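Enquirer:
Numbering (UniProt numbering), first residue to last: 1 to 1272.
1) Could you tell me whether the region 775-792 touches the region 1003-1018, where touching means 3 or more Cβ pairs closer than 8 Å?
2) Compare the C-alpha of residue 1102 against each of 942, 1252 and 768 and name the closest.
3) What are the boundary residues of the beta strand (DSSP E) that residue 486 is part of?
4) Find out if the Cβ-Cβ distance for the pair residue 461, residue 398 is shorter than 9 Å.
5) By DSSP, does residue 366 sit in helix, in strand, or in coil?
6) Quick check for students: name the residue ranges of the beta strand (DSSP E) that lie wholly in the region 879-907, counting only runs of 3 or more.
7) What does DSSP give as the partner residue(s) for residue 209 in the beta ladder?
8) My guess is that residue 802 and residue 933 are in contact by the Cβ rule of under 8 Å, so how many angstroms apart are they, rounded?
9) Going by C-alpha distance, which of 587, 223, 514 and 1025 is nearest residue 470?
10) Can you give the beta carbon distance from residue 741 to residue 732, rounded, assuming they're within the 8 Å contact cut?
11) For a quick check, are the C-beta atoms of residue 986 and residue 561 less than 9 Å apart?
12) Taking all protein chains shown into account, decide if residue 678 is buried (16 or more other Cβ within 10 angstroms of its Cβ) or exposed.
13) From the DSSP output, which residues share a beta bridge with residue 679?
14) Comparing alpha-carbon positions, which option in 533, 573 and 711 lies nearest residue 672?
15) Have a look at residue 429 and residue 483 and give me their C-alpha separation to the nearest angstrom.
16) Is it true that the CB of residue 796 sits closer than 9 Å to the CB of residue 721?
17) Would you decide whether residue 744 is buried or exposed? Buried here means 16 or more other CB atoms lie within 10 Å of its CB.
18) Please state if the CB of residue 1054 and the CB of residue 577 are separated by a distance shorter than 9 Å.
19) Judging by CA-CA distance, which residue of 946, 323, 951 and 1175 is the nearest neighbour of residue 978?
20) Are the CB atoms of residue 856 and residue 889 nearer to each other than 9 Å?
21) Would you call the CB atoms of residue 1091 and residue 1171 closer than 9 Å?
22) Nearest to residue 736 by alpha carbon, out of 1160, 746, 716 and 172?
23) Comparing C-alpha positions only, which one of 950, 549 and 870 sits nearest to residue 892?
24) In whole angstroms, what is the alpha-carbon distance linking residue 59 and residue 1087?
25) Three-state secondary structure (DSSP) at residue 530?
26) So, with DSSP's three-state summary, where would you put residue 215?
27) If you reduce the DSSP assignment to three classes, tell me which class residue 1245 lands in.
28) Could you please give the first and the last residue of the uninterrupted beta strand (DSSP E) stretch that includes residue 590?
29) Check the DSSP bridge columns for residue 1114 and list the partner residues they point to.
30) Residue 931 to residue 1257, Cα distance in whole Å?
31) For residue 695, name the three-state secondary structure that DSSP assigns.
32) With 16 other CB atoms within 10 Å as the buried threshold, where does residue 1254 fall?
33) Is residue 865 helix, strand or coil by DSSP?
34) In angstroms, rounded to a whole number, what distance separates the CA positions of residue 223 and residue 89?
35) Residue 495 to residue 485, Cα distance in whole Å?
36) Measuring only the C-alpha atoms, how far is residue 1260 from residue 812?
Laid out in C-alpha cells, this is it:
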C-alpha cells in the first residue's frame, strides 16, 4: 500500500528545525507541529472546539498578575556617563550593542548587575546581546586578544553568577573560538569540548541549530571535535528540499494584465500647510511607474512581498528623493534654492543637507564625549542619548526631523507657537518608530522612557532650529532698496498659558505665511493598505505589516499594565480567538470601485461643493457687526454667527485636506487588490491600521470600496442588493418587502443615476449616504442588465447594522422585554426604532408639562423630532455626561430651529437642559434592568478603585510600601490621603473571548527632565500611580459593553470565515456579499445568543470576587446614621487617637482572624471591636448602608448629582473616559470649617465585597432567533 505521507512533510520538519528563532530560550524549545501546518487554518482552535465557540473559563480563577516590584530610587549618572535610572539604562545598553560601543555597553551592563533589580533571565538576555555585538566586532577585525576578553567576560559575568544560559550563549562562544583559534593544535579542541560540555545532553542539538550564528562549516568543525552530536545527514536532506523549494518558486509564471490605454486624471490638490501631500505622492510614486491596469496581485508571491516591503520602508527615502529632484530641477534653471526660492518644497533639500552635516558633526562630538576623561554636563548627556541616535543615520534623522516638525506645526497651527513638549514628544516618537522599523523583527526593543525620549527629541529639534533658514526681504529704511537676509525659520521662546510659563517653538512670520499656502507634512506612508495578505498575528508586536512593527494593542503612551496582561494572555494561549479574528478581518481583499472613483474624481476636480465634498473656495460672508447701541442679544447672536462662519471655513479646509490624501491613495491603488491589517484597542474592538483609506471612513470612502472577490447574487442576493439601496438612501425603517419595493419603484432614478451621475437628475444626491447609494446604483443596474440577474457576480459589500447595539447588549443583560422590543431583539413585523420611541416618550412628557403651564414646554412641545434625541440616546449607553448630552441636544436644536431664540425669547441652552432631562428619564423607564446594571457596575468599580489588595496590606504592615518612588526613604503612611495614594487597583475583567481588559486611567505623576533646550515637566505613567477614580467609574460601564460587542463581532468573523464568507465590520455594522446575507444574519444571531446565553453579569461578579479577594476598601458612612454615630463615638472614646494606618492594620488583623481555619482565632476576630465590626452590627440591625458612589454619567438616565460631576465638561463618546480630572477633595483629607465637619462622611475600611447582581427581567434572548431586524 503506498504511503500517505506528503512528500513535503520531511521538508517541513527540516525547515521548522533549521530555522528556529534565534531568540528562543532552551526552555521554550519543542518539536514542530507539522500536522497543524497541513490542516485548515481556522477549522479548530487549540481547545479542540470550533474557533467561533465560546470557550468556557472559570471566573473564580482569573489571570492575576502580581504587583510589580517597586522601582529602585533613581540613582545619579556616574562620572563616565552611565545613567542611573533602570528604564533609561536598558535602552541605552541596547543602542550601544547595536552600534558597536562595547566599552560603554559593558559599563552600563555592569551598573545594572550592581543595582541587582533585573531577573537572571533578563541579565542573560542582555549578556547575549552583548556577546552578539562582540562577535560582530571580532568578525570585522579578528584577533585572539578580543576573543580572550570575550572568554574572560563569559567566566566572570555569566558562568560564575550562574546565569541561566541559552543555546545562543554557547553558540556565540563557540563562534568566537572558531574565528580566533587555529584549527591546528589542541586549544580549539579544548574550547569546543569545554563549551559543548556545559550544555545538557538533551539540548546539545539546540546549540547546533542556532544557524543564524553558526555556519555549516562551523557545525562540521564542532561535530568533528565533539562527535556526540552529528546532523550532517539531516543537513543533506535539507539542502535537497531547499533546492526543490527554490525551483518551485522560480517556476511560478507572472501573468501581467495588459493596459487599456485609458488615462486617469490627476487629483486636484487642495492648498495645505506643510509638504505632506507631496510626501504621500512621492511614496505612491511606485504605483505611477506602472501602466494603468497593471495588477500586482498577478505577480508571484515573493515579488508581491518585495513590493509590499518597499511600500512600508520607502517613506523617508521617497521624501528625500523628491526634495533632491526639485532642487536639481531648480538648479538646472539657474536658481539657487538656498537664497532665491520661497517655497517649502524647494528649500527642504537645502535644510536636509545642512541638518545632515550638523548631525554628522554631532556624531563626532558624541565620540569625543565618550573618550573624555572628565566629562562636563553636556558630555554626560551626550553619552546617554548619543548611542540611541547613532542607531540611525544622519541623513535619515535629518529627513525625519524635518517631516515631523512640519507635520506637528501643520496640525497645531503656526500662529501662536507650538508647545515644546508636544513637538519634542512627537519628534522622538517618530524617530523611535523609524529606528525600530529598521531593526530585525526578532529583536524586541524596549520602549524609550519619557526622559530619554525628551533628550533625543530636544537634540534633533535644537539641531533643526540652528540650521533651518528662510530668506527675508525687507525695504531699506533709507534707500527703499530691497534687502534680503537669511534668518532662522524657527525660534525657541516662552509664553504664559493658563498661568504657567511654557516653552514654545515659534515660526518665522515669513515661513508661517509660506506654510499656509503649501501642503502639510504627514508622516503616514508606512500605514498604507497592503498589497499582500497581512502577516498572521502571533506575538504582541508580530502581525500585520511585514517590516513595520505594529503593536497588537492600541495603548496610551507609557501604558504598562495593558501590555503586561496582553502578553501574559498570549503566553497561555488565551488570545487565540482574538488573534485569529484579526487575521480574518485582515485577509478580506478589497479593490477600488472604479465607476464611483471616476465620478468622485471628476466632482472633486471642479473644486465646487458636491455630495458632502466641501468647496475649495467657500463663499462664507461674515455677518455685519451690529451697532454698538444695539440689543445685547443681537450682538451676542452676531458674535456667535461670526465664530460659526470662521469655524465652518476651517472645517471645510480640513475636510478637503483629508479627502485629498484619501483620493491620492485611492488613485494609486485603483487597479490593485489590497488588504487592511487590523489591531485592537484595550477593550478588544478591532480597527484597521491604515489611517486614511479604510472601510471605517466616511460615506465617500465606503462608496469607493468593493470586495476583490465576487459572488453570484442568487434570488435572495438580488433582494438584499435592492434592500441595501433603500438602506443607504435612508429608507431603512420600513419592512424588508417595502424596502425591496422602494428600489423597484425607483428603477428609473437608479438607471439615470448610473448612466448620468453628474449631468442627470442627480437623484442619488438626495440619499442619506449619497456615494454609497451611487455605488449601489451602478451595481444594481449592472445586475439587472445582465442576461440573468441572479447569476450576476457581485462585489458590493452589503451592510447589516445593529439597532443601537449598545442598548441591544444592555437589554439582553437586564432582560428588559420592553427595551428588547425597541432594539429589535424580539421579533416584529417591522423594524422598531428606539430613537422614535424615546422621542414619543419625551414628547408626551413635555405635552403634560405644557398643560401645567411650563413656558419651555409650551415653546417646544411641537418641535421634538427623532433627530433631537438620537445622538443622546446613542451615546447615553456609552456614558455621556449630562453636560455632554446637553451640548448634543443644543446642537440639534440650533440646526433644526436656528431662529428659536429670536422667535421665542427663550435661550436654547435652557431648552436643551430641559429636553436632556426628559431623554434620560425616558431611557431609565424603557431600560430599567439596564439602568440597574449600570449603577451596579459603577458601584463595584468604585469599591475596587478605593481598595487595597491583600499584598498591599502586607507591605504596609511590614513598612515596605514606598509612597514616593523618587525618594530614597519610604514616607511613613499616616493619613487617609496617604492611604488613598496607595489605591492602585485598576478595574480589570475578562471578555467572553478570554481577553483581559485593563482600564488605563491613572493620576499620572510628573517628572522634570533637563534637555539641551530647556527643562520639561512631563507626565510619567507608572504602575505605582494611584487610579483616577472618576475616570475609572465613568468609563467602566461603556467599556464593559464595548468589550461585549467586540467579542460578538470577532466571534461572527470567525464563523463567517469558517463558512467561506467574506467579512468586514465597522463595530456594529457587519458586511458581506449580498448572496451571503442570510447566512451572516444567522451567524450574528447565534453569536449574540452564545454570549448572552451565559449569565455574563454573574460571571463578572465571580471574577471580581476572586480577583480582589482579601482586600479592604474605604467606604463612607452617613454621619447621621446609627452606624455613623456609633463609629464616631467609638473613635472619641479611645485613649489614644488612631492614625489612618493604625485603623487600617486593625481591620487587617480582624479580617485575617475571621478568615482563619482555627476556631479560637475566629472567635478572637469576632470579639474585636473596630469601625467595620460596628458598621456590620448596625447594618444587620437597621439596614444602614454605605453612601452610594456618585455615579453621574455612568448609567442610563443618570443626572449629575454634584458640582463635581457637573464640572466635567468632556463627553465620553464611544466609551472613552473624559479628559477632565474632576475628583477634587474626595481623594484626600478634607479640610472643612468646624461647623461643617459634623456633616462630613465617616470613613471606614470594610472587607472588599460586592453587592448582589440586580434582578434580571423576563426577556429570553433565544427569542432573537426569530427576529428579522436584529441586524438589517
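Glycine included, each C-beta is placed from N, C-alpha and C at the ideal position.
For clarity, every value in this text was computed on a predicted model and none was experimentally measured.
Expert: By the coordinates alone:
1) no
2) 1252
3) 482-488 is the extent of the beta strand (DSSP E) around residue 486.
4) Using a Cβ distance threshold of 9 Å, residue 461 and residue 398 do not count as a contacting pair.
5) Three-state DSSP puts residue 366 in a helix.
6) none
7) DSSP lists no partner for residue 209.
8) Actually they do not touch by this definition, with Cβ atoms about 19 Å apart.
9) 514
10) Not quite, the Cβ-Cβ distance comes to about 14 Å (not below 8 Å), so this is no contact.
11) yes
12) buried
13) DSSP output for residue 679 lists 687 as bridge partner(s).
14) Per the Cα distances, 533.
15) 40 Å
16) yes
17) Flag for residue 744 reads exposed.
18) yes
19) 946
20) no
21) no
22) 716
23) 870
24) 20 Å
25) strand
26) coil
27) strand
28) 590-592
29) Looking at the DSSP assignment, residue 1114 forms a beta bridge with 1245.
30) 12 Å
31) coil
32) With 16 or more other Cβ atoms within 10 Å, it is buried.
33) coil
34) 39 Å
35) 27 Å
36) C-alpha separation (whole angstroms): 8 Å.
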